[in-house]
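Novice: Position 70 of the sequence shown, counted from 1, bears residue number 80 in my numbering, the numbering being contiguous throughout.
Beta carbons are placed, not taken as given, at the ideal position from N, Cα and C, and that holds for glycine.
As the structure is a computational prediction, the values presented were derived from the model and not from experiment.
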Amino acid sequence: MRQGWAPRRTGAPRTGVDQFLTVLRVFAVGLVLIGLAAFIAQEINTDNAFARWANPDATGLTGAQFRGLVVSGIAQGAMYGLIALGYSMVYGVLGFINFAHGEVFMMGAMTGMITSNKLADAGLWESNFI
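If you want it as structure tokens, here you go:
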């Protein structure tokens, strides 16, 4: 007997929806990989053909721009992860997704935005960032 989360679907027919979703997943992964390759090619050499095809006016990123890109990407990914964990915990307890909890996420986002704006107005945001 197989141990795991879901029983194995042996011999289950693949529907048109399954095939469409598989094609959509492959397309999305391919698009992300092409974008990643173009970004790396642009950073290595802005004169190569792939970088010029992806962004004809490319000049490359400075160290500060790249650091900002990485920090904002990690912060946004962490937010998505926290929201997903929150929804998972709510689903585990209640057995259904309660989208009324979205106001809690928006309260946190608005509090963070207002706090960062007030710190920037006081001149404390840039001097005490990372």
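Could you tell me the alpha carbon to alpha carbon distance between residue 84 and residue 23, rounded to whole angstroms?
Specialist: The alpha-carbon atoms of residue 84 and residue 23 are separated by roughly 40 Å.
Novice: Using the beta-carbon count (16 or more within 10 Å), is residue 52 buried or exposed?
Specialist: Buried, because 16 or more other Cβ atoms sit within 10 Å of the Cβ of residue 52.
Novice: So residue 111 and residue 96 are supposed to be a Cβ contact under 8 Å. How far apart are they, rounded?
Specialist: Between residue 96 and residue 111 the Cβ distance is about 7 Å, and since that is below 8 Å, they are a contact.
Novice: From the DSSP output, in three-state form, read off residue 34 for me.
Specialist: Residue 34 falls in the helix class under three-state DSSP.
Novice: Could you compute how far the alpha carbon of residue 108 sits from the alpha carbon of residue 89?
Specialist: Residue 108 and residue 89: Cα-Cα distance of roughly 18 Å.
Novice: Taking DSSP as the reference, what is the three-state secondary structure of residue 55?
Specialist: Here residue 55 sits in coil by DSSP.
Novice: Kindly indicate which three-state DSSP category residue 124 falls into: helix, strand or coil?
Specialist: In this structure, residue 124 counts as helix in the three-state DSSP scheme.
Novice: Taking DSSP as the reference, what is the three-state secondary structure of residue 48?
Specialist: Reduced to three states, the DSSP call for residue 48 is helix.
Novice: According to DSSP, is residue 105 part of a helix, a strand, or is it coil?
Specialist: Coil.
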